[in-house]
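J.: Would you mind keeping the following structure in view while I ask a few things?
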Amino acid sequence: MKAVILAAGEGTRLRPFTMSRPKSMIPVGNRPILEYIVEALVSNGVKDIIMVVGYRKDTIMLHFQDGKRFGASIEYVVQDKPLGTAHALALAGPLLDGKPFITVAGDNMIDSRLIADLLEKRNGLTMVVAESDNPSKYGVVEIEGDRIVGLVEKPECMIGNIINTGIYHFPYQMIEMFMSQTFGKELGITQLLSKAIPEMDMRVVKSKGQWNDAVYPWDLVNVNAQALDDISQGIMGTVEPGVTLKGPVNVGAGTRIRSGCYIEGPVTIGEGCDIGPNVVIHPSTSIGNGVQIEPFSYIVHCLIMSNVIIGSHSHISRSVIGDGVRSKAGLFIPSDSCIVRADREVFQLFDVGAHVGQDTVIGSRVVISPGTVVGAGCRINDGVRVSGNLENKCVVV
Numbered sequence: 011m012k013a014v015i016l017a018a019g020e021g022t023r024l025r026p027f028t029m030s031r032p033k034s035m036i037p038v039g040n041r042p043i044l045e046y047i048v049e050a051l052v053s054n055g056v057k058d059i060i061m062v063v064g065y066r067k068d069t070i071m072l073h074f075q076d077g078k079r080f081g082a083s084i085e086y087v088v089q090d091k092p093l094g095t096a097h098a099l100a101l102a103g104p105l106l107d108g109k110p111f112i113t114v115a116g117d118n119m120i121d122s123r124l125i126a127d128l129l130e131k132r133n134g135l136t137m138v139v140a141e142s143d144n145p146s147k148y149g150v151v152e153i154e155g156d157r158i159v160g161l162v163e164k165p166e167c168m169i170g171n172i173i174n175t176g177i178y179h180f181p182y183q184m185i186e187m188f189m190s191q192t193f194g195k196e197l198g199i200t201q202l203l204s205k206a207i208p209e210m211d212m213r214v215v216k217s218k219g220q221w222n223d224a225v226y227p228w229d230l231v232n233v234n235a236q237a238l239d240d241i242s243q244g245i246m247g248t249v250e251p252g253v254t255l256k257g258p259v260n261v262g263a264g265t266r267i268r269s270g271c272y273i274e275g276p277v278t279i280g281e282g283c284d285i286g287p288n289v290v291i292h293p294s295t296s297i298g299n300g301v302q303i304e305p306f307s308y309i310v311h312c313l314i315m316s317n318v319i320i321g322s323h324s325h326i327s328r329s330v331i332g333d334g335v336r337s338k339a340g341l342f343i344p345s346d347s348c349i350v351r352a353d354r355e356v357f358q359l360f361d362v363g364a365h366v367g368q369d370t371v372i373g374s375r376v377v378i379s380p381g382t383v384v385g386a387g388c389r390i391n392d393g394v395r396v397s398g399n400l401e402n403k404c405v406v407v
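Going letter by letter, the sequence shown gives residues 11 to 407 in my numbering.
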């Protein structure tokens, strides 16, 4: 059986973290989201994969290449214009072999159990569904028993909390419906399927596997925590005497954890990092490659990407720090409840930190308020307090 992974989208609501990579390549647990999807498919024997790529496609193709490193065989189809998931799937049609196939959204965190449940319980056209606390951001599925009776994409009012995960088992004949469409504007798979409900038998699978989606920057912290759930201990770098490691902690090659550090897992630290001395890192934190965290800093429940420098005596909680961010001493990013405006909506968030875009430079003694989104390439001078949203390349004095 083949799988089609739809990975052409940007993920605009996750900016600034999709400025240089598609959403599917954002690292969580120090691995791209898309890598977890490939792993889930391969572990269930689905090794022939077609990836539909578009925005920043080279980042995907260079990482996965022909798929052999991941135990898969990967072919690529390019979606040059953002004409929706139905168009993306239609582009993959010529590479399918006349047999049923799986389609997976390329930007959601899934595990192998979810794919296993789909393969075990599939019945013709089958959709994997999940319960959501925020169904208005997804396609809501109305069901009777295990049969789909209605599909509403991003409803304006509450009609249910069962959502479409973007994971399907399709009979091969379905690809003809997609390939026969005229794509003049964006068209989603859900839109086509909703029109076909009266004539087609569509079923659902409710899986106990893990499914998670990052819609906004503040969602990435929880997706990162999910990615760290199953890590095991692994020390490839140097851990000096006087370091305390508690729980599963991964330390990459060429990394040095200096004396006096306390690290409580699950935590993963990439290659070529320099941590400490006397740094505290609390659970559900991932730290990319080439990161330097200077003495007496405190990090809790964070996603820190690669080539970041965090100055001494910093405190960062429940935050996302993009590639190449450099901060001087005394950076303070607390987590707390806050109200955030995004996508023409207002969100009440709880226990959230800040989100700092790539290549931002932060002076000493800076405070960044909970819920703040700092764009890419910003410059924040010494002693400033920042809140709200900063556009890319802002200068704050």
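For every residue, glycine included, the Cβ atom is placed at its ideal position computed from N, Cα and C.
These numbers were taken from a predicted model, which means no experiment stands behind them.
Whose C-alpha, out of Gly-334, His-323, Gln-191, is nearest the C-alpha of Val-301?
T.: Checking every option, the nearest Cα to that of Val-301 belongs to Gly-334.
J.: CA-CA distance, Leu-359 and Val-377?
T.: Roughly 19 Å separates the two Cα atoms.
J.: Could you say which of Gly-381, Pro-380, Val-405, Asn-399 lies nearest to Ile-390 if we only look at CA atoms?
T.: Ranking the options by Cα distance to Ile-390, first place goes to Val-405.
J.: Hey, could you find the ends of the beta strand (DSSP E) Glu-60 is sitting in?
T.: Checking the sequence shown, residue 60 turns out to be Ile, not Glu. Taken as a continuous stretch (DSSP letters only), the beta strand (DSSP E) holding Ile-60 covers 58-63.
J.: At the level of alpha carbons, what is the spacing between Arg-132 and Met-187?
T.: Each residue's Cα considered, the two are about 20 Å apart.
J.: Between Val-138 and Ser-329, what straight-line distance do the alpha-carbon atoms span, to the nearest angstrom?
T.: Answer to the nearest angstrom: the Cα atoms are 31 Å apart.
J.: Taking buried to mean at least 16 other C-beta atoms within 10 Å of its own C-beta, is Met-315 buried or exposed?
T.: Met-315 is buried by the Cβ-count criterion.
J.: In whole angstroms, what separates the C-alpha of His-97 from that of Ser-217?
T.: Rounded to whole angstroms, His-97 to Ser-217 spans 27 Å at the Cα level.
J.: Looking at the unbroken beta strand (DSSP E) that takes in Thr-175, where does it start and where does it end?
T.: Where Thr-175 is concerned, the enclosing beta strand (DSSP E) stretches over 172-180.
J.: By the DSSP assignment, the alpha helix (DSSP H) with Met-71 in it spans what residues?
T.: Its alpha helix (DSSP H) spans residues 67-74.
J.: Whose CA, out of Asp-127, Val-225, Ile-319, lies closest to the CA of Ile-19?
T.: The residue asked about is misnamed: residue 19 is Gly in this sequence, not Ile. For Gly-19, the nearest C-alpha among the options comes from Val-225.
J.: Less than 8 Å between the beta carbons of Leu-313 and Leu-230, yes or no?
T.: In contact: Leu-313 and Leu-230 (Cβ atoms closer than 8 Å).
J.: Using only alpha-carbon positions, find the residue among Gly-275, Ser-269, Thr-295, Glu-274 that is nearest to Asp-284.
T.: Among Gly-275, Ser-269, Thr-295, Glu-274, the Cα nearest to that of Asp-284 belongs to Ser-269.
J.: Please list the terminal residues of the continuous alpha helix (DSSP H) segment that includes Asn-234.
T.: Looking at the DSSP string, the run of the alpha helix (DSSP H) that includes Asn-234 is 230-237.
J.: Ordered along the chain, which non-local residues of its own chain (more than five positions away) have a Cβ less than 6 Å from that of Thr-175?
T.: Closer than 6 Å at Cβ, skipping near neighbours: Val-138, Ala-140, Trp-221.
J.: Starting from Thr-200, trace the alpha helix (DSSP H) in both directions and tell me its first and last residue.
T.: Per DSSP, Thr-200 belongs to the alpha helix (DSSP H) from 199-206.
J.: Check Met-187 in the structure and name its three-state DSSP category.
T.: Helix, per DSSP.
J.: Between which two residues does the alpha helix (DSSP H) containing Val-140 stretch?
T.: In the sequence as displayed, the identity of residue 140 is Ala instead of Val. Element bounds for Ala-140: not the alpha helix (DSSP H) but the beta strand (DSSP E), 135-141.
J.: Tell me whether Ser-294 sits in a helix, a strand or coil according to DSSP, three-state version.
T.: It is coil, neither helix nor strand.
J.: Can you list, in chain order, the residues of its chain with a C-beta nearer than 6 Å to that of Val-318? Leave out the 5 residues immediately preceding and following it.
T.: Here the set comprises Val-301, Ile-331, Val-335.
J.: Looking only at C-alpha atoms, which of Asp-90, Gly-282, Thr-278 sits nearest to Pro-37?
T.: Comparing Cα positions, the closest option is Thr-278.
J.: To the nearest angstrom, how far is the alpha carbon of Val-407 from that of Gly-116?
T.: Going from the Cα of Val-407 to the Cα of Gly-116 covers about 40 Å.
J.: Do you know how far the Cα of Ile-47 is from the Cα of Val-383?
T.: Cα to Cα, the separation comes out at about 28 Å.
J.: With distances taken Cα to Cα, identify the nearest neighbour of Leu-105 among Pro-42, Ile-185, Phe-193, Gln-191.
T.: Leu-105 has its Cα closest to that of Ile-185, out of Pro-42, Ile-185, Phe-193, Gln-191.
J.: Quick check on DSSP: helix, strand or coil for Arg-31?
T.: Three-state result, Arg-31: coil.
J.: I'd like the span of the alpha helix (DSSP H) that includes Ala-98, first residue to last.
T.: Start and end: 95-102.
J.: Taking Val-277 as part of the beta strand (DSSP E), name the residues at either end of that continuous run.
T.: Val-277 -> beta strand (DSSP E) spans 277-279.
J.: What separation, rounded to the nearest whole angstrom, lies between the Cα atoms of Asp-156 and Pro-276?
T.: So the alpha carbons of these two residues sit roughly 37 Å apart.
J.: Confirm, please, whether the CB-CB distance from Leu-135 to Val-151 is below 8 Å.
T.: No, they are not a contact pair.
J.: Tell me the start and end of each unbroken beta strand (DSSP E) in the segment 285-354 that is at least 3 residues and wholly inside, in chain order.
T.: With a minimum length of 3 residues, the continuous beta strand (DSSP E) runs that stay inside the segment 285-354 are 295-297, 308-310, 325-327, 346-352.
J.: Are the CB atoms of Ala-352 and Gln-368 within a distance shorter than 8 Å?
T.: Contact: no.
J.: Using the beta-carbon count (16 or more within 10 Å), is Arg-395 buried or exposed?
T.: By the 10 Å Cβ count, Arg-395 comes out exposed.
J.: Considering only the alpha carbon of each residue, which of Phe-306, Thr-69, Leu-129, Pro-32 lies closest to Asn-118?
T.: Per the Cα distances, Pro-32.
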